[in-house]
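Working notes, structure below.
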Amino acid sequence: MLMTHMHIAGSLHADAMTLKPQWLLRPEDNNALDARLWSTNVTRGDDGVVVLAGLGVDELVARVGTPVYAVDEADFRARARGFLQAFGGWDVYYAGKSFLTTRVAAWVAEEGLCLDVCSGNELQVALRGGIDPARLGLHGNNKSAAELRLALESGVGRIIVDSLDEIARIESLTAEMGVVARVLVRVTTGVEAHTHEYIATAHEDQKFGFSIQGGQALMALVRCQSSPGIELRGIHSHIGSQIFDTEAFEVAARRTMRLMGQFRQATGIDLPELDLGGGFGIAYTADDTPSTPDELSASLREIVEHERRAYGLAEPHYSIEPGRAISGPPTMAVYTVGTVKVVDLEGGQQRTYVSVDGGMSDNIRPALYAAEYSAVIANRASSVPSVLCRVVGKHCEGGDILVRDVFLPGDIRPGDLIAVPASGAYSRSMASNYNHATKPPVVSVVGGELSTLLRRETLDDLLALDTGFGDGNSAAPAAG
Numbered sequence: 123m124l125m126t127h128m129h130i131a132g133s134l135h136a137d138a139m140t141l142k143p144q145w146l147l148r149p150e151d152n153n154a155l156d157a158r159l160w161s162t163n164v165t166r167g168d169d170g171v172v173v174l175a176g177l178g179v180d181e182l183v184a185r186v187g188t189p190v191y192a193v194d195e196a197d198f199r200a201r202a203r204g205f206l207q208a209f210g211g212w213d214v215y216y217a218g219k220s221f222l223t224t225r226v227a228a229w230v231a232e233e234g235l236c237l238d239v240c241s242g243n244e245l246q247v248a249l250r251g252g253i254d255p256a257r258l259g260l261h262g263n264n265k266s267a268a269e270l271r272l273a274l275e276s277g278v279g280r281i282i283v284d285s286l287d288e289i290a291r292i293e294s295l296t297a298e299m300g301v302v303a304r305v306l307v308r309v310t311t312g313v314e315a316h317t318h319e320y321i322a323t324a325h326e327d328q329k330f331g332f333s334i335q336g337g338q339a340l341m342a343l344v345r346c347q348s349s350p351g352i353e354l355r356g357i358h359s360h361i362g363s364q365i366f367d368t369e370a371f372e373v374a375a376r377r378t379m380r381l382m383g384q385f386r387q388a389t390g391i392d393l394p395e396l397d398l399g400g401g402f403g404i405a406y407t408a409d410d411t412p413s414t415p416d417e418l419s420a421s422l423r424e425i426v427e428h429e430r431r432a433y434g435l436a437e438p439h440y441s442i443e444p445g446r447a448i449s450g451p452p453t454m455a456v457y458t459v460g461t462v463k464v465v466d467l468e469g470g471q472q473r474t475y476v477s478v479d480g481g482m483s484d485n486i487r488p489a490l491y492a493a494e495y496s497a498v499i500a501n502r503a504s505s506v507p508s509v510l511c512r513v514v515g516k517h518c519e520g521g522d523i524l525v526r527d528v529f530l531p532g533d534i535r536p537g538d539l540i541a542v543p544a545s546g547a548y549s550r551s552m553a554s555n556y557n558h559a560t561k562p563p564v565v566s567v568v569g570g571e572l573s574t575l576l577r578r579e580t581l582d583d584l585l586a587l588d589t590g591f592g593d594g595n596s597a598a599p600a601a602g
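Residue numbers (the working numbering): 123 to 602.
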């Protein structure tokens, strides 16, 4: 992927003459669903309505409105089990930052996975979901003393330390509380994963971890090993997100194994654990070719075993952290079309702008780092030839784009429902209240039955924070 610092609107104007990416082909059948993009329990009925786990989206929308995120619970659980089975003997930590509720934490626990959290609030959600604290890991590059105290009081299984300041905070807290903190040291391997700059996390010039190349990582490991309040468990490495091959993991594994060898040389101790992180990609468009958990497992096992033997190390206990690969595909976002506008472009070309009742407030990813998505009309079938569309939101931003390029039937009209697959990761979890938008609900569907994971946010919820009138719970007086 070409990485630039061009504003998203600039990149859109720059490719106007090509109009669409080369991989995007006009569909032979407007009503076909590409199984690679949707949860396993999605079909299209004879009437053209998209059906999720036995519930038609028309009925779903009649009950809860739009925008809405709808999760195929059985598929979520199956993907979680798939990673656990493929990586047998390893620990699998679900990356809660991708999407987390108390019910999701319960699903993760029931399927036998561990769980990663990245803040004190995520930790509270996980605990309220009933997960065993010993199966939790706490991430974050700037954990506060209060967050660390909560982790230690709760008995969190591991804390992934990210700075010398954090190590000092842990040392102070453990001395005060009379406890021992189990930690992994997060390292940066200098690997540039083939992904967007904002989600590549192992190159040197970024905020996470201790640099292996500069010697900081070895220093942090020795510091933790010598601290009476810290039990050093091992090394954590995470190279980025939405990664489709394991070449970068091979380089990262080689460098972390070399670091483990250096630590053994310095201390005489073999580190017992190595976490390879996550970042496994999923299919958002027909151009994406993700690996299965079995394929990932086979490749990663071969890589770490080869590197371990090369450095003559004892075999550590391994762990991984899939998030998007579990939470992304089971969920679709559903919107209602509000307006349809055909725009004339240079050279006699046209693009159809389809505006929906959501946007960058419920999915910032396309605007933030040009993430690509797909979409279909979900409430009916159509035999009208497709036209090139751009699905956009209702916010006051030119870069408010949900699906940059997609072919949709030429008879698309206001009132149609648009379904966007693979919307479960980093969409609702990164949602905002821009333009005072209210965040969509998240519902789960099993066997045609709907239940609510997160209710729809309301204007009253927003006004409850606004102290401008009365007690902050009252709306502004009517004009006039």
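Note that CB positions come from ideal geometry on N, CA and C, so glycine has one too.
| Check | Outcome |
| --- | --- |
| Residues near Thr223 in its chain [Cβ-Cβ closer than 8 Å; skip 5 each side] | Val247, Gly251, Val564, Leu575 and Leu576 |
| From Ser419, Pro438 and Gln384, residue whose alpha carbon lies closest to that of Pro394 | Pro438 |
| Selection from Leu182, Leu174, Gly481 and Ala303 that minimises the alpha carbon distance to Arg550 | Gly481 |
| Span separating the alpha-carbon of Leu274 from that of Phe371 | 31 Å |
| Reduced DSSP category for Thr414 - H, G, I as helix; E, B as strand; rest coil | coil |
| Secondary structure, alpha helix (DSSP H): runs of 4+ residues fully inside the segment 383 to 460 | 415 to 432 and 446 to 449 |
| Proximal residues to Arg535 (C-beta, below 8 Å), its chain only, five neighbours per side dropped | Val459 and Val462 |
| Trp145, buried or exposed, once every other Cβ within 10 Å from all chains shown has been counted against 16 | exposed |
| Cβ shell of Gly570 (< 8 Å), same chain only, five flanking positions each side left out | Ala175, Gly176 and Leu177 |
| For Ile334 and Ala312, the rounded distance between their alpha carbons | For clarity, residue 312 is Gly in the given sequence; the question names Ala instead. Answer to the nearest angstrom: the Cα atoms are 8 Å apart. |
| Contacts around Ala553, its chain only, beta-carbon distance under 7 Å, and the 5 residues preceding and following it disregarded | Ser483, Asp484 and Lys561 |
| Counterpart residues of Thr310 in DSSP-defined beta bridges | Ser333 |
| Residue from Val542, Ala586, Glu579 and Tyr548 whose Cα sits closest to the Cα of Val164 | Val542 |
| DSSP-derived helix/strand/coil call for Phe198 | helix |
| Option in Ile486, Arg512, Asn501 and Ser504 with minimal Cα separation from Val476 | Arg512 |
| Boundaries (first-last residue) of the beta strand (DSSP E) holding Glu293 | No beta strand (DSSP E) contains Glu293, which is instead part of the alpha helix (DSSP H) from Leu286 to Met299. |
| For Ser232, the three-state DSSP class (helix, strand or coil) | Checking the sequence, you will find Glu at residue 232 rather than Ser. In the structure shown, Glu232 sits in a helix (DSSP, three-state: H, G or I). |
| Whole-angstrom distance between Asp151 and Ile352, CA atom to CA atom | 60 Å |
| Span of the alpha helix (DSSP H), counted from its first residue to its last, around Tyr491 | Arg487 to Tyr491 |
| Minimum length 4: unbroken alpha helix (DSSP H) runs contained in the segment 146 to 221 | 179 to 186 and 195 to 208 |
| Whole-angstrom C-beta distance between Gly331 and Thr310, which should lie under 8 Å | 4 Å |
| N-terminal and C-terminal residue of the alpha helix (DSSP H) that Glu244 is part of | Gly242 to Arg250 |
| Coil, strand or helix - Gly546 by DSSP | coil |
| Met379 vs Leu435 beta-carbon contact at 8 Å | yes |
| Distance, Tyr191 Cα to Thr474 Cα | 25 Å |
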